[in-house]
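Our numbering puts the first residue of the sequence shown at 332, with every later residue one more than the last. C-beta atoms are modelled at their ideal positions from N, C-alpha and C, and glycine is treated no differently.
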Amino acid sequence: MTSDETYIIVGGGLAGAKAAETLRSEGFDGRVLIVGAEPERPYERPPLSKDYLRGEAGRDKVYVHDEEFYGQQGIELRLGRTATRLDTSGRELELDDGEIVRYHRLLLTTGAEPRRPEIPGSGLDGVLYLRSVRDSDALRERLDQGGRAVVVGAGWIGAEVAASARQRGVDVTLLNPLGVPLERVLGVEVGAVYRDLHADNGVRLRMGAGVEAFEGRDRLERVRTSHGDTIDCDFAVIGVGVEPRTALAAGAGIAVDNGIVVDERLETSVPGVFAAGDAANAWHPFYGKRVRVEHWANAFNQGPAAARNMLGRGEAYDRLPYFFSDQYDVGMEYTGYAQGVDHVVFRGDPASREFVAFWMEDGVVAAGMNVNVWGVTDAVKRLIRERVPVDEKRLADPEQPLEELAAA
Ligand SMILES: Cc1cc2nc3c(=O)[nH]c(=O)nc-3n(C[C@H](O)[C@H](O)[C@H](O)COP(=O)(O)OP(=O)(O)OC[C@H]3O[C@@H](n4cnc5c(N)ncnc54)[C@H](O)[C@@H]3O)c2cc1C
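Structure representation (structure tokens):
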């Protein structure tokens with residue numbers, strides 16, 4: 332070992348695990364320690380609402396690395412342990428059992444946690460959330476028993492849970508305060524594609540409806556909606572978004588604003604302390620503003636970028652946001668970040684569920700989503716990055732290769 336420095340990663344999720352891997356692959360041979368509050372070694376969350384939840388993929392499929400990886404790479408894991416206090420002037424991190432570890436550089440990949448709205452009865456047995464593998468196991472047990480579920484919130488988690496529950500034969504009612512599923516991200520036109528998809532698969536959609544109360548004696552028996560009626564059910568899943576975990580950073584005096592504030596090199600307001608993944612609100616050079624992204628690819632790529640910057644590489648992180656979702660037989664990839672959309676251009680018929688949608692801002696492509704169409708994300712990325720006006724007729728024409736439009 333040529334380095335006697337200690338690099339700590341707080342948060343044993345995807346971003347943390349990929350950062351630790353990168354520290355080693357980039358040649359850092361000092362001490363690397365991951366502190367993770369969950370008892371599991373780092374795993375990936377997307378399967379938890381998809382094949383893992385449905386029982387089609389085993390636990391071994393979700394882990395970021397084999398069990399041996401950490402020993403082989405000399406990466407210490409402190410699992411089931413929470414970092415409770417960070418002293419950036421003394422460069423010390425305190426864990427929940429009182430252990431104090433000194434560090435030279437520190438990375439915060441503390442992720443995000445589900446919002447838990449204050450709704451009467453939300454503490455009843457049968458009211459569930461989905462973030463961890465334990466949550467997914469608990470939900471799978473309910474799906475195994477069949478019955479009736481109410482899913483609260485038709486964002487990505489709610490929509491995927493509704494799909495998986497239907498695929499397992501559960502009777503599903505999906506409640507959403509907005510007019511169509513996924514409206515906040517996709518808008519009304521594209522959200523309607525998902526409304527129809529769920530309706531065709533037997534989900535009862537209650538759009539424009541929220542929850543007034545969860546009711547039942549010892550366990551959840553029914554949901555009272557904001558429309559004043561009730562829906563009998565055996566369990567409910569609340570998926571109304573997440574909040575970045577910022578308490579440790581805030582307690583250390585690190586700037587926090589919708590996440591841990593970092594510059595384009597993913598360094599916080601305190602030199603030597605970095606943040607990445609769901610928890611980080613990072614300056615994005617392409618957008619000229621801070622963007623906090625709650626998606627797999629961001630954790631997968633930002634963790635390594637932060638690790639390289641811990642090693643002094645000075646690399647700006649400017650990847651375009653990207654995410655994917657699978658519901659029933661419909662898969663999609665979304666690239667970009669739409670802010671003030673004028674209109675949507677469809678390439679292909681949305682009703683066929685095989686199309687590409689482009690969100691247009693001032694004549695240029697701000698974001699693109701390919702649905703059951705594959706191999707186009709590089710061209711979509713190029714279109715977004717070029718920021719030049721495109722001929723919308725050609726954009727809408729599946730016969731015109733996207734690559735040529737991007738190159739033009
Ligand atoms: C069910 C589900 C399905 C998803 N599906 C998709 C998908 O299809 N596509 C997509 O793009 N994205 C998806 N995502 C989002 C994606 O999984 C997240 O963006 C990703 O997990 C973020 O990784 P992270 O490492 O930043 O944070 P996390 O995965 O949240 O990991 C952070 C870890 O840090 C730990 N931690 C927090 N504070 C402390 C502390 N003080 N001390 C010690 N440990 C701490 C937490 O316990 C946690 O284990 C999904 C998420 C969920 C929950």
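| With L579 and L417 assumed to form a contact (beta carbons below 8 Å), what rounded beta-carbon distance in angstroms separates them? | 6 Å
| Around the C-beta of T333, are 16 or more other C-beta atoms found within 10 angstroms, so that it is buried, or is it exposed? | exposed
| task | Rounded to whole angstroms, what's the CA-CA distance from D531 to E491? Just pull it up for me. | result | 15 Å
| For L579, the first and last residue of its enclosing alpha helix (DSSP H) | A578 to G582
| said: Suppose you measure from the CA of A607 to the CA of G358; what does that come to, to the nearest Å? | reply: 20 Å
| query | Can you tell me the Cα-Cα spacing of S467 and G343, whole angstroms? | reply | 18 Å
| Where do the N-terminal and C-terminal ends of the beta strand (DSSP E) with F686 fall, by residue? | F686 to E692
| said: Using 8 Å for Cβ pairs, my map puts V393 next to L345. What's the rounded Cβ distance? | reply: No, V393 and L345 are not in contact; Cβ-Cβ is about 10 Å, not under 8 Å.
| query | My guess is that A697 and I715 are in contact by the Cβ rule of under 8 Å, so how many angstroms apart are they, rounded? | reply | 7 Å
| said: Could you give the first and the last residue of the continuous alpha helix (DSSP H) run that contains H529? | reply: E514 to D531
| field | N632 versus E407 - alpha carbon distance | value | 22 Å
| field | Cut-off 6 Å between Cβ atoms - residues of its own chain near E425, not counting five sequence neighbours on either side | value | T415, R416 and I431
| said: Using a Cβ-Cβ cutoff of less than 6 Å, which residues in the same chain neighbour A586 once the five nearest sequence positions on both sides are dropped? | reply: V592 and S600
| task | Kindly indicate which three-state DSSP category R473 falls into: helix, strand or coil? | result | helix
| query | Of the choices E598, E352, G699 and D502, whose alpha-carbon is the least far from that of N640? | reply | E598
| request: Flag this pair as yes or no: are the beta carbons of C564 and G454 separated by less than 9 Å? | output: no
| Quick one: does the C-beta of N629 sit closer than 8 Å to a heavy atom of ligand 1? | yes
| Are three or more beta carbon pairs between the stretch 523-543 and the stretch 664-672 nearer than 8 Å? | no
| message | Quick check on the DSSP output: what are the complete beta strand (DSSP E) runs of length 3 or more inside the stretch 434-466, in order along the chain? | response | 436-439 and 443-445
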